[in-house]
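With this note's numbering as the guide, the letters of the sequence shown map in order to residues 1 to 161.
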Amino acid sequence: MRHNKKFNHLGRTASHRSAMLSNMACSLIKHKRITTTVAKAKALKKFVEPLITKSKEDTTNSRRVVFSNLQDKFAVTELFKEISVKIADRPGGYTRIIKTGNRLGDNAEMCFIELVDYNENMAKEKVAKKATRTRRSKKATEAAPAAEAPATEEPKAESAE
Numbered sequence: 001m002r003h004n005k006k007f008n009h010l011g012r013t014a015s016h017r018s019a020m021l022s023n024m025a026c027s028l029i030k031h032k033r034i035t036t037t038v039a040k041a042k043a044l045k046k047f048v049e050p051l052i053t054k055s056k057e058d059t060t061n062s063r064r065v066v067f068s069n070l071q072d073k074f075a076v077t078e079l080f081k082e083i084s085v086k087i088a089d090r091p092g093g094y095t096r097i098i099k100t101g102n103r104l105g106d107n108a109e110m111c112f113i114e115l116v117d118y119n120e121n122m123a124k125e126k127v128a129k130k131a132t133r134t135r136r137s138k139k140a141t142e143a144a145p146a147a148e149a150p151a152t153e154e155p156k157a158e159s160a161e
């Protein structure tokens, strides 16, 4: 029986798995987005999010804990200098998994895993959605452009004189 055994071993030994997750976390921190399988992305999410939370507090001990997991000076520096500043007010959920379909060779489910605050396209969509939330009647939308058009033309005419 497999009671309470929720850990995905990913078909690897413990040392291979920890090295792979460490390397993937370093790549994610350096490049802000990586392509991988869904199973690896879910395992990486559980591995990297506590490290990002730890990086919010820039102390010697937290740097040592993060370095013991990542084993890459440049990734640790970038995590503490850039990423922790950008995610300082976020309470959690630092990564996003976007499924991209199946791989041609073995039909494995593929996805992007990315840091949430570094995707400008998603940030623009959220701003656009907030702007289009108000609903108006057809009469109000037809009258509004007609009322705005003369108001914008008059100041241009005055500035030209």
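Built from N, CA and C at the ideal position, the CB exists for glycine as well. It should be emphasised that the depicted structure is a prediction, and the values quoted were computed from it without experimental measurement.
Best match in the options for proximity to residue i [C-alpha to C-alpha]
i     : options                    : result
ALA41 : THR95, ASP89, ILE83, ALA14 : THR95
LYS73 : SER22, GLU49, ASP89        : SER22
ILE83 : THR13, ARG64, THR53        : THR53
VAL85 : PHE67, THR13, LYS5, SER55  : SER55
ALA43 : SER68, ARG12, ASN61, PHE67 : ARG12
Range of the contiguous beta strand (DSSP E) that encloses residue i
i      : result
GLU114 : 109 to 115
ASN102 : 95 to 102
THR35  : 33 to 37
Rounded C-alpha distance that separates residue i from residue j
i      : j      : result
LYS46  : LEU115 : 13 Å
GLY105 : THR59  : 45 Å
HIS9   : SER15  : 11 Å
VAL65  : GLU57  : 12 Å
MET1   : PHE7   : 14 Å
THR37  : VAL48  : 16 Å
ARG224 : ASN121 : Because the chain in this structure spans residues 1 to 161, residue 224 falls outside the shown range and cannot be described.
LYS5   : SER68  : 25 Å
ASN107 : ALA39  : 13 Å
8 Å Cβ cutoff met for residue i and residue j
i     : j      : result
LEU70 : ALA25  : yes
ARG63 : VAL76  : yes
LYS30 : GLU78  : yes
LEU51 : ILE113 : no
Close beta carbons around residue i, own chain, < 8 Å, minus the five adjacent residues each side
i      : result
ARG33  : PHE112, ILE113, GLU114, LEU115, TYR118, ASN119
GLY100 : Note that residue 100 corresponds to Thr in the displayed sequence, not to Gly. Excluding positions up to five away in sequence, the list reads THR35, MET110, CYS111, PHE112.
GLY92  : GLU49, THR53
GLU161 : Note on GLU161: pLDDT 46, under 50, position unreliable in the model; no value is reported.
Contacting residues, own chain, Cβ-Cβ under 6 Å from residue i (five flanking each side not counted)
i     : result
ILE97 : ALA41, CYS111, ILE113
ASN61 : none
Close-in-space but distant-in-sequence residues of the same chain around residue i (CB under 7 Å, 5 per side omitted)
i      : result
ARG17  : HIS9, LEU10
ALA88  : LYS56
ASN102 : ALA108, GLU109, MET110
Limits of the alpha helix (DSSP H) - the one that residue i falls within
i      : result
ARG162 : Since the first residue shown for the chain is 1 and the last is 161, residue 162 is missing from the structure and cannot be characterised.
THR77  : 73 to 78
Closer than 8 Å to chain B by CB, residue i
i     : result
ARG12 : Absent from the structure: chain B. Only one protein chain is present.
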